[in-house]
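**Q** So for the sequence shown, the numbering used here puts the first residue at 7; every next one is plus one. The C-beta atom is built at its ideal place from N, Cα and C for all residues, glycine as well.
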Amino acid sequence: MGERAGRSAGRRRPRRRRPPRCRAAFGALTCASSAQAPRWAPKSTTWTSRPVSPPRPSTASTAHSSTTNDHQVVVLRAPELTIDQHLALAERFGEPEVHAFFPNLGDGYERVSVLDSEDGTRASMWHADETFLERPPMGTLLHAQVIPEYGGDTVWASCTAAYDALSAPMKKYLEGLTALHDLARTVELAYVRGHATAERYAASVAAARTTAHPVVCTHPETGAPTLYVNHTYTRSILGLPPAEADAVLAFLYRHMTTERFTYRHRWTPGDLVIWDNRCTLHNALPDFSGHRRMHRVSVLGAPPR
Ligand SMILES: [Fe+2]
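Structure, rendered in structure tokens:
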């Protein structure tokens, strides 16, 4: 039976899809539905672009925040994005930071960190960026420069979707708990795996870069409750016996990173991924042997509450 005959038999015409409202926020950029849309963000989009236009002062940062609030992770195809445009786009969200320990481009571009597999800079553990800071980044913009032929995907997990899926008794249990986040934790994990020296571990402990954040935070813009612990920086839950805190954290880590809360991105050089660091985790998979080089700009956030 042909298409026309099928319609005449009473099938409803598919509704015309409205363009996502983030379209206007990025001006020259256009977007299309993603074949890899995360299950926890059904409106999430993959973006295709002409070269990104210079920032327009009239484009309010709130419009960009609205996009990441809606989708948590936004993928843009931006192969001709310059370093200045990358920074300018980040500035629409707020003030870009100088990263605590990653190398950067220097010469006035200290706010652009470089994650280069040939330098050994990888981020292959589940984490939110820099939660050991009192003011962790509110978001990060990662631009792919060199991508290996196979592997090196990044996976994101939604901590709001993970929170929503918890049982009511577990939500009640977590209410009011506070966790300690520690930069030395990530070096400790690397040291245990033989990827860091004892001297580097000792130096990270001596630096004592720790802070405490609620285990369940409220997203400052959407008001959504979100889990706020991660494998890489969270060391303990304050006030709980260590064995109990370890068991709770282990449960939460497994729960937060189950597949139904994740989105996996296969990078193409020129991709720019923007994510909300306040309500997602991410993990760069170390399953590659080629060269992988990324430019990263993170935007300062407020203390999680
Ligand atoms: Fe990261």
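(1) With distances taken from CA atoms, which of P143, C165, S72 is nearest P2?
(2) Assign H133 to one of two classes, buried (16 or more other C-beta atoms within 10 Å of its C-beta) or exposed (fewer than that).
(3) In its own chain, which residues sit with a C-beta less than 7 Å from the C-beta of F267, not counting the 5 before and 5 after it?
(4) Compute the distance between the beta-carbons of P109 and Y234, then report whether it is under 7 Å.
(5) Looking at the structure shown, is A96 part of a helix, part of a strand, or coil, going by DSSP?
(6) Return yes when at least one heavy atom of ligand 1 lies under 6 Å from the C-beta of D135, else no.
(7) Suppose the cutoff is 8 Å on Cβ atoms and the five residues either side in sequence are ignored; what does the same chain contact list for A308 look like?
(8) Determine the contact status of L306 and E101, defining contact as a CB-CB distance below 7 Å.
(9) Since L139 sits in a beta bridge, which residues does DSSP pair it with?
(10) Please classify A96 as buried or exposed, where buried requires at least 16 other C-beta atoms within 10 Å of its C-beta.
(11) Quick one: using the 10 Å Cβ neighbour count with 16 as the cut-off for buried, is V303 buried or exposed?
(12) Is the Cβ-Cβ distance between F257 and H187 less than 7 Å?
(13) Going straight from the alpha carbon of A249 to that of R215, what length do you get?
(14) Please confirm if the stretch 270 to 277 is in contact with the stretch 193 to 203, defined as three or more CB-CB distances below 8 Å between the two stretches.
(15) So, are the CB atoms of S242 and A251 less than 7 Å apart?
(16) What residues in its chain sit with their C-beta under 7 Å from that of G296, if we drop five residues either side in the sequence?
(17) Given this structure, state the Cα-to-Cα distance separating Y239 from L189, to the nearest angstrom.
(18) The alpha helix (DSSP H) spanning P319 covers which residue range?
(19) With H, G and I counted as helix, E and B as strand and the rest as coil, what does DSSP make of Q151?
(20) Count the other CB atoms within 10 Å of the CB of T274; is the residue buried (16 or more) or exposed (fewer)?
(21) Quick one: using the 10 Å Cβ neighbour count with 16 as the cut-off for buried, is L291 buried or exposed?
(22) Less than 7 Å separating the beta-carbons of A150 and M262?
(23) With distances taken Cα to Cα, identify the nearest neighbour of P247 among C285, D293, A185.
(24) Where does P48 land, buried or exposed, given buried means 16+ other C-beta within 10 angstroms?
(25) Quick check on DSSP: helix, strand or coil for H133?
**A** Answer, in terms of the structure:
(1) The displayed coordinates of the chain run from 7 to 311. Any statement about residue 2 would go beyond what the structure contains.
(2) By one-based count along the sequence shown, residue 133 stands at place 127. Under this definition H133 is a buried residue.
(3) Here the question's residue 267 lines up with position 261 in the sequence shown. For F267, where only same-chain residues beyond five positions count, the Cβ hits under 7 Å are W46, A163, S164, A167, A168.
(4) Indexing the sequence shown from 1 puts residue 109 at position 103. Indexing the sequence shown from 1 puts residue 234 at position 228. No.
(5) What you label residue 96 is simply residue 90 of the sequence shown in a count that begins at 1. Residue state, collapsed to three classes: helix.
(6) As a working note, residue 135 is residue 129 in the sequence shown. Result yes, Cβ under 6 Å from ligand 1.
(7) Taking the first residue of the sequence shown as 1, we reach residue 308 at position 302. Counting only Cβ-Cβ distances below 8 Å, and skipping sequence neighbours, we find R141, M144, P226.
(8) Stepping through the sequence shown from its first residue, residue 306 is reached at position 300. Stepping through the sequence shown from its first residue, residue 101 is reached at position 95. For L306 and E101, yes; Cβs fall inside 7 Å.
(9) Along the sequence shown, read from residue 1 onward, the residue named residue 139 stands at position 133. Answer is none; L139 lacks a bridge partner.
(10) As a working mapping, residue 96 is identified with position 90 in the sequence shown. Buried, by the Cβ-count rule.
(11) Reading the sequence shown from its first residue, position 297 is the one you call residue 303. Classification for V303: buried.
(12) The residue given as residue 257 occupies position 251 in the sequence shown. The residue given as residue 187 occupies position 181 in the sequence shown. Against a cut-off of 7 Å, the Cβ pair of H187 and F257 comes out as no contact.
(13) Numbered from its first residue, the sequence shown carries residue 249 at position 243. Numbered from its first residue, the sequence shown carries residue 215 at position 209. The alpha-carbon atoms of A249 and R215 are separated by roughly 23 Å.
(14) no
(15) To locate residue 242, count along the sequence shown from 1; it is residue 236. To locate residue 251, count along the sequence shown from 1; it is residue 245. In contact: S242 and A251 (Cβ atoms closer than 7 Å).
(16) As a first step, residue 296 is located in the sequence shown; it is residue number 290 there, counting from the start. So the list reads P154, E155, once near-sequence residues are dropped.
(17) Residue mapping note: residue 239 aligns to position 233 of the sequence shown, counting from 1. Residue mapping note: residue 189 aligns to position 183 of the sequence shown, counting from 1. Y239 and L189: Cα-Cα distance of roughly 6 Å.
(18) This structure cannot settle anything about residue 319, because the visible part of the chain is limited to 7 through 311.
(19) In the sequence shown, counting from the first residue as 1, residue 151 sits at position 145. The answer is strand: DSSP assigns Q151 an E or B state.
(20) Here the question's residue 274 lines up with position 268 in the sequence shown. Exposed, because fewer than 16 other Cβ atoms sit within 10 Å of the Cβ of T274.
(21) Here residue 291 refers to the residue found at position 285 of the sequence shown. By the 10 Å Cβ count, L291 comes out exposed.
(22) To locate residue 150, count along the sequence shown from 1; it is residue 144. To locate residue 262, count along the sequence shown from 1; it is residue 256. No, these two residues do not count as a Cβ contact at 7 Å.
(23) Position 241 of the sequence shown, counting from 1, holds the residue named residue 247. Checked all of C285, D293, A185; the closest Cα to P247 is A185.
(24) Taking the sequence shown and counting its residues from 1, the one referred to as residue 48 is at position 42. Summary for P48: the model assigns pLDDT 33, below 50, so the residue's position carries little reliability, and this model does not support an answer.
(25) Translated into the one-based positions of the sequence shown, residue 133 becomes position 127. The answer is strand: DSSP assigns H133 an E or B state.
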